[in-house]
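What follows is one structure encoded as structure tokens, with my remarks underneath.
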Amino acid sequence: ILAAGQQDMKRFIAYVSIAHFGFIALGIFAFTAQAQVGAVTYMLNHSLATGMLIIVIGMVIARGGSTTISAYGGMAKLTPVLAGMFLLAGLSTLSLPGTNSFISEFLVLLGSFETQPVYTTLAAIGMVLAAVYVLWLYQRVMQGSVRGDALLGASGGPGAVETPESGAKKTVRDVSLKELGVLAPLVVLVIGLGFYPKPALDVVTPVVDQTVSIVSITEGSHE
């Protein structure tokens with residue numbers, strides 16, 4: 005809810021990150037092995053999803069010169085590749101099936117419901133709210149008509165459009181090869197772990213099982 009009310013993109017990322025830590029805490033303190041596997045993998049997936057979102061939004065700010073959300077609009081028309089990266093990062097942060105965060109969030113909810121049904125239900129509602137505020141940010145920044153002084157002052161490669169304010173041709177540079185080189189590994193991990201999370205789970209599960217056996221945490225449905 006607090007994330008949805010932010011007008012600054014950096015503050016928005018901060019609140020999104022805090023929401024992720026809420027899921028991690030739920031998984032840890034549910035005291036089931038399944039939830040703890042989800043919590044540990046969530047730490048990895050959080051770093052990938054939020055890290056990619058930070059990088060992409062940094063690229064947006066570098067082109068527009070402002071952190072204010074209302075200073076942007078219609079960037080998908082000028083920078084389609086950047087818009088696609090923005091959407092993928094956003095979908096990963098809201099744990100869409102097929103992205104890396106889905107399996108960890110699913111395990112947290114499934115494992116936590118056994119011991120904390122009320123908090124798990126509230127967390128599930130939070131997932132819906134997350135989808136709303138992430139897609140709302142994408143819609144405001146990337147969709148609609150091109151607007152804002154920040155975009156009008158940007159310059160770069162191909163993608164010139166005629167702005168309604170001045171009628172002049174302005175250009176905004178799309179993702180460069182160097183920037184694509186930074187984003188490509190994250191894209192591979194976000195999609196790869198979304199469809200095949202087994203490598204991460206194979207590393208995390210034995211460690212969690214060992215911890216469970218030491219502190220006698222109820223394993224629940226993880227077995």
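So in our numbering, the last one in the sequence shown is 227, and the numbering has no gaps at all.
Heads up, the beta-carbon is just placed ideally off N, CA and C, and yes, glycines get one too.
Here the structure is a predicted model, which means the values were calculated and not measured.
With distances taken between CA atoms, VAL112 lies nearest to ILE28 out of ILE28, MET63 and VAL192. Distance from the Cα of ALA204 is smallest, within the candidate group TYR142, LYS81, MET63 and SER108, for SER108.
LEU197: member of the alpha helix (DSSP H) spanning 181 to 199, first to last residue. A direct Cα-Cα distance of roughly 26 Å separates GLY148 from THR103.
Judged by DSSP in its simplified three-state form, ASP12 adopts strand. Less than 8 Å divides the Cβ of GLY94 from the Cβ of LEU57.
Going by beta carbons, SER105 and SER96 fall inside the 8 Å limit. Taking 8 Å as the upper bound for CB-CB distance, MET146 and ALA39 are not in contact here, some 35 Å apart. With a threshold of 16 other beta carbon atoms within 10 Å, ASP178 meets it and is buried. Per DSSP, GLN40 is one residue of the alpha helix (DSSP H) stretching across 37 to 68. Of the candidates ASP206, THR54, SER180 and LEU193, THR54 places its Cα closest to the Cα of ILE17.
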